[in-house]
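Here is the structure we will look at.
There are 2 protein chains.
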Amino acid sequence: MRLYSYFRSSASFRVRIALALKKLDYEYAAIQLVKNEQLQPAFRAIAASQLVPALVVDDPAHGEATLTQSLAIIEYLDETFPEPPLLPADALGRARVRAIALDIACEIHPLDNLRVLRYLQRELKVSDDDKDRWYRHWVETGLDVVERGLADHPSTGRFCHGDRPGLADCVLVPQIFNAQRMQCRLDHVPTVMRIFAACMAEPAFAQTQPSACPDAA
Amino acid sequence: MRLYSYFRSSASFRVRIALALKKLDYEYAAIQLVKNEQLQPAFRAIAASQLVPALVVDDPAHGEATLTQSLAIIEYLDETFPEPPLLPADALGRARVRAIALDIACEIHPLDNLRVLRYLQRELKVSDDDKDRWYRHWVETGLDVVERGLADHPSTGRFCHGDRPGLADCVLVPQIFNAQRMQCRLDHVPTVMRIFAACMAEPAFAQTQPSACPDAA
Numbered sequence: 078m079r080l081y082s083y084f085r086s087s088a089s090f091r092v093r094i095a096l097a098l099k100k101l102d103y104e105y106a107a108i109q110l111v112k113n114e115q116l117q118p119a120f121r122a123i124a125a126s127q128l129v130p131a132l133v134v135d136d137p138a139h140g141e142a143t144l145t146q147s148l149a150i151i152e153y154l155d156e157t158f159p160e161p162p163l164l165p166a167d168a169l170g171r172a173r174v175r176a177i178a179l180d181i182a183c184e185i186h187p188l189d190n191l192r193v194l195r196y197l198q199r200e201l202k203v204s205d206d207d208k209d210r211w212y213r214h215w216v217e218t219g220l221d222v223v224e225r226g227l228a229d230h231p232s233t234g235r236f237c238h239g240d241r242p243g244l245a246d247c248v249l250v251p252q253i254f255n256a257q258r259m260q261c262r263l264d265h266v267p268t269v270m271r272i273f274a275a276c277m278a279e280p281a282f283a284q285t286q287p288s289a290c291p292d293a294a
Numbered sequence: 078m079r080l081y082s083y084f085r086s087s088a089s090f091r092v093r094i095a096l097a098l099k100k101l102d103y104e105y106a107a108i109q110l111v112k113n114e115q116l117q118p119a120f121r122a123i124a125a126s127q128l129v130p131a132l133v134v135d136d137p138a139h140g141e142a143t144l145t146q147s148l149a150i151i152e153y154l155d156e157t158f159p160e161p162p163l164l165p166a167d168a169l170g171r172a173r174v175r176a177i178a179l180d181i182a183c184e185i186h187p188l189d190n191l192r193v194l195r196y197l198q199r200e201l202k203v204s205d206d207d208k209d210r211w212y213r214h215w216v217e218t219g220l221d222v223v224e225r226g227l228a229d230h231p232s233t234g235r236f237c238h239g240d241r242p243g244l245a246d247c248v249l250v251p252q253i254f255n256a257q258r259m260q261c262r263l264d265h266v267p268t269v270m271r272i273f274a275a276c277m278a279e280p281a282f283a284q285t286q287p288s289a290c291p292d293a294a
């Protein structure tokens, strides 16, 4: 497998964690977002969206194929390499885990990614201060929703769902890295931060964090 | 089942289509977003995210439960009521369908939903013209990505994946409704529009469209 990744891309980080939890080997192909490598024709031919991550797999049924969208990639990995499972066995548990992942992947992350921040600055002439305030607003209000879904829920364990890391944790941890880098407030989300600490004690998370990537600055 | 929905919410529309494709009966509970009913304590107790849709189900294993996040809800429905399937049988096909759905649900829709547009206007003092330009920018560039993933792909059929409507179509059609309402350019996405027309010829899509909802203005 070959993963097109950028060390600071939180969507790439999600997939790196999932690959590490599954103990899968892969080639790391760095796409430097700050140099706009994702906009070059060579990468556009790999991913129409011009977004990382993309994962090239040798599918058992169809041969070589390129997968995009981090959550779709992780679901594919979970279906193709079932151990350890990243989703619970019951449909209701799976719905909960997917909803936590989507609360971050749909409600927080898209508002704060690089192309959106660039549009705010270049097209709407938003000031740096207002851009940072925008960033923190969606992170802080979005994580508050995640916190309320985790705190006191009977299925929350050492990790987002039970005592084994899964899809929701793969999405939560990279978002906290972004939040910390942008100095967002995090004292209102104690359950989130407890789970973050539990994840970072696991090699699959620690060894795939941005600073551990081959392309880390 | 009880669906908390708003007639114009495209995330609600996705779930309405899936419920109709599965021929499942449900009670329709209107949440008027323009009146901010989603921000009231009564609804916050149902959905921490204060976003529609939310679906109350009687889970076979766990009893009454409330599901949130449209894509997680649709996956739950597909697992719990398998016929007709909304995802392909093969892992690679499922990854493709989920990626198309996420190309819309993560890259287009979050940027154009009501709370984001309100933030642009109220907090960043963006003009109405610039707000509309922002809206159209993400729809038009985002649909271009979807078009490139559909056009000439061997798995694209009468619908996004093969000749039966599925998850990707449930997400695509509501986005086109939004695009048309905001007068976005659509002449650059002919495959998208061909599939949109095929969907709208199906009762499950036509009968759940915003104007057909009990709370339509």
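These protein sequence lines are chains A and B, in that order. Using this note's numbering, the letters of the first sequence correspond one by one to residues 78 to 294. Using this note's numbering, the letters of the second sequence correspond one by one to residues 78 to 294. All C-beta atoms, glycine included, are put in the ideal place defined by N, C-alpha and C.
For residue i, which option in the options has the closest C-alpha, if you only look at C-alpha atoms?
| i | options | result |
| --- | --- | --- |
| Lys-99 (chain A) | A:Pro-287, A:Cys-290, A:Ala-294, A:Glu-279 | A:Glu-279 |
| Asp-292 (chain A) | A:Ala-95, A:Leu-101, A:Lys-112 | A:Lys-112 |
| Leu-163 (chain A) | A:Glu-200, A:Asp-246, A:Leu-128 | A:Asp-246 |
| Cys-276 (chain A) | A:Cys-290, A:Cys-237, A:Cys-261, A:Pro-287 | A:Cys-237 |
| Leu-57 (chain A) | A:Gln-109, A:Gln-127, A:Ala-122 | Nothing in the structure corresponds to residue 57 (chain A), since chain A is present only between 78 and 294. |
| Gln-257 (chain A) | A:Asp-229, A:Glu-114, A:Pro-287, A:His-139 | A:Pro-287 |
| Phe-158 (chain A) | B:Ala-168, B:Asn-255, B:Phe-158 | B:Ala-168 |
| Thr-233 (chain B) | B:Ile-272, B:Trp-211, B:Gly-219, B:Val-222 | B:Ile-272 |
| Ile-123 (chain B) | B:Leu-110, B:Ala-107, B:Val-223, B:Leu-144 | B:Leu-144 |
| Glu-217 (chain B) | B:His-265, B:Val-250, B:Asp-229, B:Pro-231 | B:His-265 |
| Ala-281 (chain B) | B:Ser-86, B:Tyr-83, B:Arg-85, B:Asp-102 | B:Asp-102 |
| Ala-125 (chain B) | B:Ala-107, B:Asp-229, B:Leu-110, B:Gln-146 | B:Gln-146 |
| Ala-106 (chain A) | A:Ser-87, A:Pro-118, A:Ala-283, A:Val-129 | A:Val-129 |
| Pro-251 (chain A) | A:Arg-195, A:Ala-182, A:Tyr-196 | A:Ala-182 |
| Leu-220 (chain A) | A:Ala-283, A:Ala-294, A:Asn-255, A:Gly-239 | A:Asn-255 |
| Glu-184 (chain A) | B:Glu-156, B:Tyr-153, B:Leu-148, B:Arg-85 | B:Leu-148 |
Got a sec? Which residues, its chain only, sit under 8 Å from residue i by beta carbon, not counting five neighbours each side?
| i | result |
| --- | --- |
| Arg-270 (chain A) | In the sequence under discussion, the amino acid at residue 270 (chain A) is Met, which differs from the Arg named in the question. Within the same chain, Met-270 (chain A) has close Cβ partners Ile-253, Leu-263. |
| Ile-151 (chain A) | Arg-91, Val-92, Ala-95, Leu-163, Leu-244, Cys-247 |
| Glu-104 (chain B) | Met-78, Arg-79, Leu-80 |
| Ala-228 (chain A) | Pro-267, Thr-268 |
| Arg-171 (chain B) | Leu-164, Pro-165 |
| Glu-160 (chain A) | Lys-99 |
| Ala-289 (chain B) | Ala-283 |
By Cβ distance below 7 Å, which residues in the same chain neighbour residue i in space, the five residues on each side in sequence not counted?
| i | result |
| --- | --- |
| Thr-285 (chain B) | Phe-90, Arg-93, Ile-94, Ala-97 |
| Gln-198 (chain A) | Lys-208 |
| Trp-215 (chain A) | Ile-185, Leu-188, Asp-189 |
| Arg-235 (chain B) | Ala-275 |
Is there a Cβ of chain B sitting closer than 9 Å to that of residue i, yes or no?
| i | result |
| --- | --- |
| Pro-165 (chain A) | no |
| Gly-226 (chain A) | yes |
| Tyr-196 (chain A) | yes |
| Ala-289 (chain A) | no |
| Asp-136 (chain A) | yes |
| Arg-241 (chain A) | no |
| Gln-127 (chain A) | yes |
| Pro-187 (chain A) | yes |
| Glu-156 (chain A) | yes |
| Leu-98 (chain A) | no |
| His-139 (chain A) | yes |
| Val-133 (chain A) | no |
I want to see whether chain A comes within less than 9 Å of residue i, judged by CB atoms only; does it?
| i | result |
| --- | --- |
| Tyr-153 (chain B) | yes |
| Glu-160 (chain B) | no |
| Ala-256 (chain B) | no |
| Thr-233 (chain B) | no |
| Arg-271 (chain B) | no |
| Ile-150 (chain B) | yes |
| Val-222 (chain B) | yes |
| His-238 (chain B) | no |
| Thr-285 (chain B) | no |
| Cys-247 (chain B) | no |
| Glu-217 (chain B) | no |
| Asp-207 (chain B) | yes |
| Leu-116 (chain B) | no |
| Arg-171 (chain B) | yes |
Taking 8 Å as the cut-off, is the C-beta of residue i nearer than that to any heavy atom in the ligand FMN?
| i | result |
| --- | --- |
| Gln-260 (chain A) | Because no ligand of any kind appears in the structure shown, any question about the ligand FMN cannot be addressed here. |
Less than 6 Å between C-beta atoms, sequence neighbours within five positions excluded: which residues of the same chain meet that for residue i?
| i | result |
| --- | --- |
| Leu-201 (chain B) | none |
| Val-222 (chain A) | Asp-180 |
| Arg-213 (chain B) | Cys-261 |
| Tyr-83 (chain A) | Ser-89, Ile-108, Leu-110, Val-129 |
| His-139 (chain A) | none |
| His-230 (chain A) | none |
| Glu-224 (chain A) | Val-266, Thr-268, Val-269 |
Does residue i come within less than 9 Å of chain D when only Cβ atoms are used?
| i | result |
| --- | --- |
| Val-92 (chain B) | Of the chains in the structure shown, none is chain D; the protein chains are A and B. |
Three or more C-beta pairs below 8 Å linking the region 166 to 182 of chain B and the region 206 to 216 of chain A: no
Does the count of Cβ pairs from the region 183 to 191 of chain B and the region 131 to 140 of chain A closer than 8 Å reach three? no
Taking the runs of the alpha helix (DSSP H) that are 4 residues or longer, which of them lie wholly in the region 106 to 184 of chain B? 118 to 121, 147 to 157, 168 to 182, all fully within the region 106 to 184 of chain B.
Runs of 3 residues minimum, wholly inside the region 229 to 290 of chain A: which ones carry the beta strand (DSSP E) assignment? none
Would you list, in sequence order, the uninterrupted alpha helix (DSSP H) runs of no fewer than 4 residues that lie entirely inside the region 184 to 214 of chain A? Along the length of the region 184 to 214 of chain A, whole alpha helix (DSSP H) runs at least 4 residues long occupy 191 to 199, reported in chain order.
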